[in-house]
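>
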Amino acid sequence: MVMQSTFRLTPRRRGFHVVTREVLEQLPPLPQAGLLHLFIQHTSAAITVNEAADPDVLTDFESVFNKLVPENMPFLVHTLEGPDDMPAHIKAAMIGHSVTLPITAGRLALGTWQGIYLCEFRDRASGRGLVATVYH
Amino acid sequence: MVMQSTFRLTPRRRGFHVVTREVLEQLPPLPQAGLLHLFIQHTSAAITVNEAADPDVLTDFESVFNKLVPENMPFLVHTLEGPDDMPAHIKAAMIGHSVTLPITAGRLALGTWQGIYLCEFRDRASGRGLVATVYH
Amino acid sequence: MVMQSTFRLTPRRRGFHVVTREVLEQLPPLPQAGLLHLFIQHTSAAITVNEAADPDVLTDFESVFNKLVPENMPFLVHTLEGPDDMPAHIKAAMIGHSVTLPITAGRLALGTWQGIYLCEFRDRASGRGLVATVYH
Chain A
316 MVMQSTFRLT PRRRGFHVVT REVLEQLPPL PQAGLLHLFI QHTSAAITVN
366 EAADPDVLTD FESVFNKLVP ENMPFLVHTL EGPDDMPAHI KAAMIGHSVT
416 LPITAGRLAL GTWQGIYLCE FRDRASGRGL VATVYH
Chain B
316 MVMQSTFRLT PRRRGFHVVT REVLEQLPPL PQAGLLHLFI QHTSAAITVN
366 EAADPDVLTD FESVFNKLVP ENMPFLVHTL EGPDDMPAHI KAAMIGHSVT
416 LPITAGRLAL GTWQGIYLCE FRDRASGRGL VATVYH
Chain C
316 MVMQSTFRLT PRRRGFHVVT REVLEQLPPL PQAGLLHLFI QHTSAAITVN
366 EAADPDVLTD FESVFNKLVP ENMPFLVHTL EGPDDMPAHI KAAMIGHSVT
416 LPITAGRLAL GTWQGIYLCE FRDRASGRGL VATVYH
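Encoded structure:
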């Protein structure tokens, strides 16, 4: 059985953000066992699961990905939308456009340190649209 | 309920390619709500979702991933299959072997700019085999 | 229909490891057609699918990811848990915390060369916990 809903996250500044609580508030009551699929309908932001306890981790994520995929690489040809745009597409492909999470006993079966990340790669972005699909 | 099919994409040259239409032509009629899982049965090509409007983005993807994972890194030991092979495995792991996409109102619920990418990392490859699973 | 189980992999040293057989031994009999979702409940290890025939590939994966995300980058701020910790989080985000695999004719529909990888990014780690969800 499939339940599906669409919602928009609050706009966030460029960087990595833990959004577990905001996502959960948008979902219907979860089944006893199943899976939650979250899909981001954008190509310059990403969604993943990672360490949600220490905000320093979020800062380091932003620094390392900016180092891996710097702006203004001289060979880029898709530059019309600004120096942050093409790196945003690359980072989005590296991290991913969706997560699938197990649901156990009516709750997300996340590990102790895990939370859902919104990775915002544009300097300026409006709230990102997500499609949530719960199946059980 | 699960529907499953296997098909082969047209061979493509090394690089990033938008294959949304070719994939859709291979699928049975989609349900009103559900998920589509696409799995690539190879370890030197990848599948993802990204910007499908400007072909320059595809060119830049190829350039940036070649810069991130260059050929002929001197410490590599798996070199028998050619200089493009081991980088292909790494790029495939960075981008991913499958996508899961929401189906809404009988269509893929892709964002405005999103399309399905085949990422071909070998210099020469035959058509890549995919397994499509639709569940609803 | 959803079947779910939780298990722990044998602890492994830092590096990339093929764990297909160990994972399969933990699963209930698979359905004729469906999907297997494996989720790792950790943020410094990852799970993916890649080349499982030549152990040299595993060695090169470790070398390349250490080069992409080196330890002791001077700008890192999350350093209290050791020099391997923050790189581990980044590598985990690049590779991913889960895989979804098609099941066909009662078996995983992996390609000829594909196997399931556990990617252990910490110098010392205990066995990693996974949640397996089979749906059909």
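Protein chains in written order, with the numbering used here: chain A, 316 to 451; chain B, 316 to 451; chain C, 316 to 451. Beta carbons: idealized from backbone N, C-alpha and C, even for Gly. In this text, all values refer to a predicted model and were calculated from it rather than measured experimentally.
#1: Based on the DSSP output, what are the partners of alanine 360 (chain B) in its beta bridges?
#2: Would you list, in chain order, the members of the segment 385 to 396 of chain C that have their beta-carbon closer than 8 Å to a beta-carbon of chain A?
#3: What residue does the beta strand (DSSP E) around alanine 447 (chain B) start on, and which one ends it?
#4: Using a beta-carbon distance below 8 Å, is serine 320 (chain C) in contact with chain B?
#5: Establish whether the CB of alanine 455 (chain B) and some CB of chain C are separated by less than 8 Å.
#6: Under a CB-based cut-off of 8 Å, is leucine 383 (chain A) close to chain B?
#7: Among C:Val384, C:Cys434, C:Arg328, C:Leu353, which residue has its Cα nearest to the Cα of isoleucine 405 (chain C)?
#8: I want to see whether chain B comes within less than 8 Å of isoleucine 405 (chain A), judged by CB atoms only; does it?
#9: Pairing CB atoms from the segment 398 to 412 of chain B with CB atoms from the segment 363 to 380 of chain C, are three or more of them under 8 Å?
#10: With three or more beta-carbon pairs closer than 8 Å as the criterion, would you say the segment 323 to 334 of chain B touches the segment 434 to 443 of chain B?
#11: If you draw a straight line from the C-alpha of methionine 370 (chain C) to the C-alpha of threonine 448 (chain B), how long is it?
#12: Return the first residue and the last residue of the alpha helix (DSSP H) that glutamine 341 (chain B) is part of.
#13: Interface residues of chain C around threonine 363 (chain A) at Cβ under 8 Å?
#14: Note the first and the last residue of the continuous beta strand (DSSP E) segment covering glycine 414 (chain B).
#15: Say yes only if the C-beta of asparagine 387 (chain B) is nearer than 7 Å to one or more non-hydrogen atoms of the ligand HEM, and no if none qualify.
#16: Can you tell me whether DSSP reads serine 441 (chain B) as helix, strand or coil?
#17: Would you mind telling me which residues of chain A sit closer than 8 Å to valine 446 (chain C), beta carbon to beta carbon, in chain order?
#18: In chain A, which residues lie less than 8 Å from histidine 451 (chain B) when you measure between Cβ atoms?
#19: Within 10 Å of its beta-carbon, does glutamine 347 (chain C) have 16 or more other beta-carbons around it, so buried, or fewer, so exposed?
#20: Let me confirm a value: serine 359 (chain B) is counted as buried when at least 16 other C-beta atoms fall within 10 Å, else exposed. Which label applies?
#21: I think glutamine 356 (chain B) touches leucine 425 (chain C), with their Cβ atoms under 8 Å apart; what is that distance to the nearest whole Å?
#22: Under a three-way DSSP split, which group does alanine 348 (chain C) fall into?
#23: Any idea if alanine 420 (chain A) is buried or exposed, counting beta-carbon neighbours within 10 angstroms, 16 or more meaning buried?
#24: Which residues of chain B have a Cβ atom closer than 7 Å to the Cβ of phenylalanine 436 (chain A), listed in chain order?
The answer reads as follows:
#1: Partner(s): B:Glu435.
#2: Met388, Phe390, Leu391, Val392, His393
#3: Counting along the chain, the beta strand (DSSP E) containing alanine 447 (chain B) begins and ends at 444 to 450.
#4: no
#5: The requested residue 455 (chain B) does not occur in the structure, where chain B is confined to residues 316 to 451.
#6: Interface residue, yes.
#7: Here the closest residue by C-alpha is C:Val384.
#8: yes
#9: yes
#10: yes
#11: Looking at the sequence itself, residue 370 (chain C) is proline, so the reference to methionine does not match. Their backbone Cα atoms lie some 31 Å apart in a straight line.
#12: Segment 335 to 341, the alpha helix (DSSP H) holding glutamine 341 (chain B).
#13: Ala408, Gly411, His412
#14: The sequence as given places valine at residue 414 (chain B); glycine does not occur at that position. For valine 414 (chain B), the enclosing beta strand (DSSP E) stretches over residues 413 to 419.
#15: Ligands in the displayed structure: none, and consequently the ligand HEM is not present.
#16: coil
#17: Pro417, Thr419, Ala424
#18: Val317
#19: exposed
#20: buried
#21: 7 Å
#22: strand
#23: Result: exposed.
#24: Per Cβ cutoff of 7 Å: no residues; phenylalanine 436 (chain A) is ~12 Å from chain B at best.
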